[in-house]
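Presented below is the structure to which this report refers.
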Amino acid sequence: MPPVNVNDRLARLGWGEKLGFGFGDFGFNLYWTTVASFLAAFYTDVFGISAAAAGTMVFVTRIIDAITDPLMGAAADRTETRFGKFRPYLLFGGIPLAAAGVLTFTTPDLDGSGKLIWAYATYSILMLTDTVASMPSSALSGVMTARSQERTTLISARFLFAFTGGALVNKFTLPLVDWLGAGDPARGWQLTMVLYGVLAIMIFWVSFATTRERITPPQKENTKPQEDIRDLLGNRPWLILFALAMIIMMTFTMRAGSAYYYFNYYVERADLLPDYLFWQMVAYAVGALLAPVMTRYIDKAKLLMLLMGIVGFLSILFYFVPKDMIWAIFTLNILISLALGPKSPLTWSMYADTADYNEWKHGRRATAMTFAAASFAQKLGGSLGSAGMLWVLGAIGYVANQAQSGASQTGIALLQTVFPGLFAVIAVVVIRFYDLTGSQLERIQQDLQQR
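Counting in our numbering, the final residue of the sequence shown is number 1080, and the numbers go up one at a time with none missing.
Here's what the structure looks like:
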């Protein structure tokens, strides 16, 4: 096994290392997918928090959490251990994350104000512990190799595992809650998160053991966090990706979070939800797997623009499908998800390219800060997507566990279809301004290798 930090910028990675890196995201998606798909429904239908109050809570806590990402990025970039900068967080970060997950899905007997305080506190801790563990893991892909195509393959493996984990979470979480809770959903959620926590810890340890860091900062680099941030603000390709990540995450989050309400109260076939979400994640995984194949023939930015255009068109078309036409609902969901699947490996690979661009332009490298600030954008977009969905539910008169009015049903349908589609169309416009591609990227890598 090669030593840590061999500084082989253009290393070709073996499949064992690629799969080991990707496996870590399987563990993180035991949390990310559970939060995206079920947390809103847990708060409104199990814990008993109003939709509007839950929306504000999710927005406020995610904004606070997003602010901690650059702080964590600065800390990770300045971490020095015999294991590297980023891998140690996989070794030690899983235990507090597991504990926070259990507390978030625990329902103490409190009054309305007490429930909100509990939700604010536990969800904030969950997001903070997730940042400590996941942000360095994301940055790890930027220091394993500098080969652009290798990075795309590496990150495609990451999201193959992420979406596979997400598919299993979507398929089995609600049945697990029913089985472990034996009719008590509150108890079922708590025990399900205990199980997910134990699995996640073991998965992070495997990812730690199978990966290596090879790219180190320029010698004698001794920068301050504010210099890292200033470099990013002068990094035009990164700024475009920042806006893009925020917008696309609103598409992802709104689709995932509103599916529960769509099938329970619009289609009125709650039994179909696990299969709908399962095949959604399977299609995401297939799309992620196809990303490195497609980038051999189409530039990353152009490919992303094409795919988001398809997502926008099909999502708006989705609104006009009758709610009893189940085959069409499932077919459109799969097609939209196939088009969305390559987004994650493409954009995260592009983030790694912007870290190289920053080193090439300024002579300083802040890989973790680059990914941390990108995570900030993702969380900001996710918080706006989740909170916006809950605010819309509150505005249209949603009442938990009851039949919904016509206006409420229409609003729920829009949340699953048209609203995500509009965000996808906005993303197409933003991508047009990204220009770190082709020959420019090759020249940057050659210059850095010579240095």
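No residue lacks a Cβ here, since even glycine has one placed at the ideal position from N, Cα and C.
query                                                                                             : result
C-alpha distance - Glu709 paired with Phe715, whole-angstrom precision                            : 9 Å
Residues near Leu932 by beta carbon distance below 6 Å, same chain, minus five either side        : Met923
Beta-carbon gap between Ile876 and Ala1056 smaller than 8 Å                                       : yes
Option in Gly826, Thr736, Trp867, Ala888 with minimal Cα separation from Phe667                   : Ala888
Three-state secondary structure assigned by DSSP to Thr735                                        : coil
Alpha carbon of Ile830 to alpha carbon of Gly794, nearest angstrom                                : 14 Å
Closest residue to Met917 among Lys952, Ser679, Leu969 (Cα-Cα distance)                           : Before going further, note that residue 917 is Ala rather than Met in the sequence given. Among Lys952, Ser679, Leu969, the Cα nearest to that of Ala917 belongs to Leu969.
Host alpha helix (DSSP H) of Arg884 (start-end)                                                   : 865-890
First and last residue of the uninterrupted alpha helix (DSSP H) at Arg776                        : That residue, Arg776, is in no alpha helix (DSSP H); it is neither H nor E in DSSP.
Top-ranked residue by Cα proximity to Asp928, from Pro971, Val940, Ser944                         : Pro971
Pair within 8 Å by beta-carbon distance, Arg841 and Glu988                                        : no
4 or more residues per run - each alpha helix (DSSP H) lying fully within the region 884-947      : 902-923, 929-947
C-alpha gap between Leu967 and Gly651, whole angstroms                                            : 19 Å
Range of the contiguous alpha helix (DSSP H) that encloses Gly950                                 : The question names Gly, but residue 950 in the sequence shown is Val. It is not in any alpha helix (DSSP H) - Val950 carries neither H nor E in the DSSP assignment.
Segment contact, 8 Å Cβ cut-off, at least three pairs: the region 903-910 with the region 765-772 : no
Beta strand (DSSP E) runs wholly inside the region 642-681, at least 3 long, in chain order       : none
Contact the region 679-687 vs the region 722-737: 3+ CB pairs below 8 Å                           : no
Closest Cα partner of Tyr672 within the set Gly938, Met878, Lys744                                : Lys744
Simplified DSSP state of Lys714, which is helix, strand or coil                                   : coil
Per-residue DSSP class, three states only, for Ala815                                             : helix
For Ala1029, the three-state DSSP class (helix, strand or coil)                                   : coil
Same chain, Cβ closer than 8 Å to Leu824, five either side skipped, listed in chain order         : Leu805, Leu809
Integer-rounded CB distance, given that Thr736 should sit under 8 Å from Thr751                   : Wrong, their Cβ atoms sit about 10 Å apart, outside the cutoff.
For Ala665 and Gly723, believed in contact at Cβ under 8 Å, the rounded distance                  : Not quite, the Cβ-Cβ distance comes to about 20 Å (not below 8 Å), so this is no contact.
C-alpha gap between Pro787 and Pro974, whole angstroms                                            : Per the sequence presented here, residue 787 reads as Arg, with Pro not at that position. Near 8 Å, if we compare the C-alpha coordinates of Pro974 and Arg787.
Nearest neighbour of Tyr980, chosen from Asn864, Gln909, Gly1011, Met883 [CA to CA]               : Asn864
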